[in-house]
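In full-length UniProt numbering, the protein residues as written are 1 to 63. I have placed the structure first, in the form of structure tokens, so that the comments after it can refer back to it.
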Amino acid sequence: MSCPICGKDAKPETRPFCCKRCADVDLARWLNGNYAVPSDDPEDIEAAIEAVEQAAAAADKLH
Ligand SMILES: [Zn+2]
Numbered sequence: 001m002s003c004p005i006c007g008k009d010a011k012p013e014t015r016p017f018c019c020k021r022c023a024d025v026d027l028a029r030w031l032n033g034n035y036a037v038p039s040d041d042p043e044d045i046e047a048a049i050e051a052v053e054q055a056a057a058a059a060d061k062l063h
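As structure tokens, then:
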């Protein structure tokens with residue numbers, strides 16, 4: 001099975017993704033509600049990762 005984000009081979013520990021980064025991208029797409037319109041634009045992916053990291057940082061501050 002290949003990673004749905006980048007198409008590389010998935011790893012058992014992060015499947016169906018190849019790595020944590022791609023899992024984060026997938027999560028960001030879900031959070032942004034645009035999963036049905038995947039983009040291959042690297043800037044979009046970077047922005048999605050940034051959104052996840054900011055959400056994680058905000059969650060950390062709650063503790
Ligand atoms: Zn990947």
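Note that beta-carbon positions come from the ideal geometry of N, C-alpha and C, so glycine has one too.
Grouping DSSP H, G and I as helix and E and B as strand, with all else coil, what is residue i?
i, result
"residue 41", "coil"
"residue 35", "The predicted position of residue 35 is uncertain, since its pLDDT is 49 and thus under 50; a value taken from the coordinates is nonetheless stated next. Here residue 35 sits in coil by DSSP."
With distances taken Cα to Cα, identify the nearest neighbour of residue i among the options.
i, options, result
"residue 6", "23, 32, 31", "23"
"residue 48", "26, 8, 14", "26"
"residue 31", "1, 54, 18", "54"
Would you grab the beta carbon distance between residue i and residue j for me? Rounded to a whole angstrom, and I think it's under 8 Å.
i, j, result
"residue 12", "residue 3", "Their Cβ separation, rounded to whole angstroms, is 12 Å, which puts residue 12 and residue 3 out of contact at 8 Å."
"residue 8", "residue 14", "11 Å between Cβ atoms; not a contact."
"residue 51", "residue 28", "5 Å"
**Asked** Taking a cut-off of 6 Å, which residues have a beta-carbon closer than that to any heavy atom of ligand 1, in chain order?
**Response** Those residues placing their Cβ nearer than 6 Å to any heavy atom of ligand 1 are, following chain order, 3, 5, 6, 8, 17, 18, 19, 22.
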